[in-house]
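Asks: Below is one structure. I have some questions about it.
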């Protein structure tokens, strides 16, 4: 019998990744999503049957159905799947099955996991090995963001939301860092930390944890694992404190001190956080047996991940940059990296908060994280649901930001028009957030008279 796997919400970055892997296996793949998007076209090009909108009839020919943990059993396609007795899995459960026979590197953490996963995959590809990868973002130079590969090694991004990262059993577990996030799901910082401790504890017997020790919570988690699992080798990485892999940099060039040697290299993007990502990626590759100097050389050709410090274009001496930052730490780091590259420009930030709840519980950080910018506009919150009545809007957030004083700009379109109309030669306009704020970039450039 031919397997026909149907994905409910196939337009998500992680769901589409799994669809690509099943297409690598020549399986029949179908899927639906509430709206069309560019991420769906490569799936169509490879033969997947894509439907826009949700309907219970979509699953009637499926032999298996895959959903994210966020899709409830009351969803019409899921309810029909259960009624028909069709095998039903979550995304994490399916990925766990795919990963089970492989030597796996999982990359988890609050920040940097997509870029670090992509760095590892890029260096593996550059080595000539056909390693597999599952990346939570689109990577320039990669045809698609997931591939099964024929090499024993598989590197995958391990998402903490919904405790998805508990489903894997890696040979190497990476913890880039840990900070309070997704508290709407976890309920408390203690529950979040416990979830990360369980994640690093999924590593195989005699496996390795690679921990970014510039993060205090990551240090605590690694210390607890050391007590619980003395069989696990713990490898530390840092750009600030003594560590097994210590990276230092002069701009975009770096030197990495490893336990056995020193490796030099260059990155195409600025910022301390990129150096930290590189140190962790190179440590993981070293532990996995890949050549260190060759891996460092490969990173010099790594162009980043879409929506991570991505230049949209330039016109009339106005640059437009897009970044996925939606947590105060990420916002501060992205602005600092931009200052490193463009120290003399006026920085205009269009920030789109990501959900009302996150804006509320991360408010203290948002008050000060824009300090290195010159002008800040908040944009209507990107949210999957309506407000409960007690959460913070983008307009309210603008009033809470201490420095510089922020203004509320309204919709994505309105904020783009406002930024373009007030732009001056020498400006750097940064669109920032995890929602649809990236759509502002082409509008700004078009209004300024350039093609994006």
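In this note's numbering, the protein residues as written are 766 to 1217.
Even for Gly, the Cβ is constructed at its ideal location relative to N, Cα and C.
Just to confirm, are residue 1082 and residue 1112 a CB contact at a threshold of 8 Å?
Replies: The residue given as residue 1082 occupies position 317 in the chain shown. The residue given as residue 1112 occupies position 347 in the chain shown. Result no, Cβ atoms of residue 1082 and residue 1112 do not sit closer than 8 Å.
Asks: Residue 1115 to residue 1194, Cα distance in whole Å?
Replies: For the purposes of this step, residue 1115 is taken as the residue at position 350 of the chain shown. For the purposes of this step, residue 1194 is taken as the residue at position 429 of the chain shown. Those two C-alpha atoms are separated by around 7 Å.
Asks: From 804, 828 and 811, pick the residue whose C-alpha is nearest to that of residue 817; which is it?
Replies: Walking along the chain shown from the start, residue 817 turns up at place 52. Closest option to residue 817, Cα to Cα, is 804.
Asks: For residue 1147 and residue 848, I'd like the C-alpha separation in whole angstroms.
Replies: As a first step, residue 1147 must be located in the chain shown, where it is residue number 382. As a first step, residue 848 must be located in the chain shown, where it is residue number 83. Approximately 34 Å between the Cα atoms of the pair.
Asks: Tell me which residues share the same chain as residue 1117 and place their Cβ nearer than 6 Å to its Cβ, disregarding the 5 neighbours each side in the sequence.
Replies: Counting from 1 along the chain shown, the entry for residue 1117 is found at position 352. These residues qualify, in order along the chain: 1144, 1147, 1198, 1200 and 1202.
Asks: Helix, strand or coil for residue 938, going by three-state DSSP, please let me know.
Replies: To locate residue 938, count along the chain shown from 1; it is residue 173. Strand, per DSSP.
Asks: Go through its chain and collect everything with a Cβ distance to residue 1003's Cβ below 8 Å, but skip five positions before and after it.
Replies: Here residue 1003 refers to the residue found at position 238 of the chain shown. So the qualifying residues of the chain are 977, 978, 979, 1010, 1011, 1012, 1041 and 1044.
Asks: With a threshold of 16 other CB atoms inside 10 Å of the CB of residue 996, please say whether the residue is buried or exposed.
Replies: For the purposes of this step, residue 996 is taken as the residue at position 231 of the chain shown. Answer is exposed; the Cβ neighbour count stays below 16.
Asks: Between the segment 934-943 and the segment 856-874, do at least 3 Cβ pairs fall closer than 8 Å?
Replies: Yes, they touch.
Asks: Is the beta carbon of residue 986 closer than 8 Å to that of residue 961?
Replies: Here residue 961 refers to the residue found at position 196 when the chain shown is read from its first residue. Here residue 986 refers to the residue found at position 221 when the chain shown is read from its first residue. Going by C-beta atoms, residue 961 is nearer than 8 Å to residue 986.
Asks: Nearest to residue 1056 by alpha carbon, out of 1096, 1070 and 890?
Replies: Your numbering for residue 1056 matches position 291 in the chain shown. Answer by Cα proximity: 890.
Asks: Using the Cα positions of residue 1217 and residue 1208, report the straight-line distance between them to the nearest angstrom.
Replies: Walking along the chain shown from the start, residue 1217 turns up at place 452. Walking along the chain shown from the start, residue 1208 turns up at place 443. Low confidence applies to residue 1217: its pLDDT is 44, below 50, so where it sits in the model is not reliable enough to give any reading.
Asks: So, is residue 1134 buried or exposed, given that buried needs 16 or more other C-beta atoms within 10 angstroms?
Replies: Start at 1 with the first residue of the chain shown, and residue 1134 comes out as number 369. When all chains shown are included, residue 1134 counts as buried.
Asks: Spatial neighbours of residue 982 within its chain, please: CB distance less than 8 Å, with the 5 preceding and 5 following residues excluded, ordered by chain position.
Replies: The residue you call residue 982 lines up with position 217 of the chain shown. Result list for residue 982: 942, 943, 944, 958 and 961, in chain order.
Asks: Classify residue 842: buried if its beta carbon has 16 or more other beta carbons within 10 angstroms, exposed otherwise.
Replies: In the chain shown, the residue the question calls residue 842 occupies position 77. By the neighbour-count rule (16 or more Cβ atoms within 10 Å), residue 842 is buried.
Asks: Just checking, does the segment 806-815 make contact with the segment 784-795 on the three C-beta pairs under 8 Å criterion?
Replies: The segment 806-815 is in contact with the segment 784-795.
Asks: Expressed to the nearest angstrom, what Euclidean distance is found between the alpha-carbon atoms of residue 1076 and residue 993?
Replies: Taking the chain shown and counting its residues from 1, one reaches residue 1076 at position 311. Taking the chain shown and counting its residues from 1, one reaches residue 993 at position 228. Taking the straight line joining both Cα atoms gives about 45 Å.
Asks: Report the option in 1132, 874 and 998 whose CA atom is closest to the CA atom of residue 1166.
Replies: In the chain shown, the residue the question calls residue 1166 occupies position 401. Here the closest residue by C-alpha is 1132.
Asks: Is the segment 1065-1074 in contact with the segment 887-903, if contact means three or more CB pairs nearer than 8 Å?
Replies: Counting Cβ pairs under 8 Å, three or more are found: they touch.
Asks: Around the C-beta of residue 826, are 16 or more other C-beta atoms found within 10 angstroms, so that it is buried, or is it exposed?
Replies: As a position in the chain shown, residue 826 is number 61, starting the count at 1. When all chains shown are included, residue 826 counts as exposed.
Asks: Taking just the CA atoms, how far does residue 1163 sit from residue 1048?
Replies: Walking along the chain shown from the start, residue 1048 turns up at place 283. Walking along the chain shown from the start, residue 1163 turns up at place 398. Taking the straight line joining both Cα atoms gives about 40 Å.
Asks: With a cut-off of 8 Å, do at least 3 Cβ pairs link the segment 1025-1036 to the segment 850-864?
Replies: The segment 1025-1036 vs the segment 850-864: no contact.
Asks: What number of angstroms, rounded off, separates the C-alpha of residue 909 from the C-alpha of residue 785?
Replies: Translated into positions along the chain shown, residue 909 becomes position 144. Translated into positions along the chain shown, residue 785 becomes position 20. Looking at the two C-alpha atoms, the distance is approximately 8 Å.
Asks: Please list, in chain order, all residues of the same chain as residue 989 whose beta carbon is under 7 Å from its beta carbon, the five residues on each side excluded.
Replies: Looking up residue 989 in the chain shown gives position 224. Once the five neighbours on either side are set aside, the close Cβ partners of residue 989 are 962.
Asks: What is the DSSP secondary structure of residue 1156, counted as helix, strand or coil?
Replies: Within the chain shown, the letter at position 391 stands for residue 1156. Coil.
Asks: Could you check the C-alpha separation between residue 929 and residue 1204 for me, to the nearest Å?
Replies: As a position in the chain shown, residue 929 is number 164, starting the count at 1. As a position in the chain shown, residue 1204 is number 439, starting the count at 1. Cα-Cα distance, rounded: 29 Å.
Asks: Straight-line CA distance for residue 1179 to residue 1171?
Replies: Counting from one through the chain shown, the residue named residue 1179 turns up at place 414. Counting from one through the chain shown, the residue named residue 1171 turns up at place 406. Spanning the two alpha carbons is a distance of roughly 16 Å.
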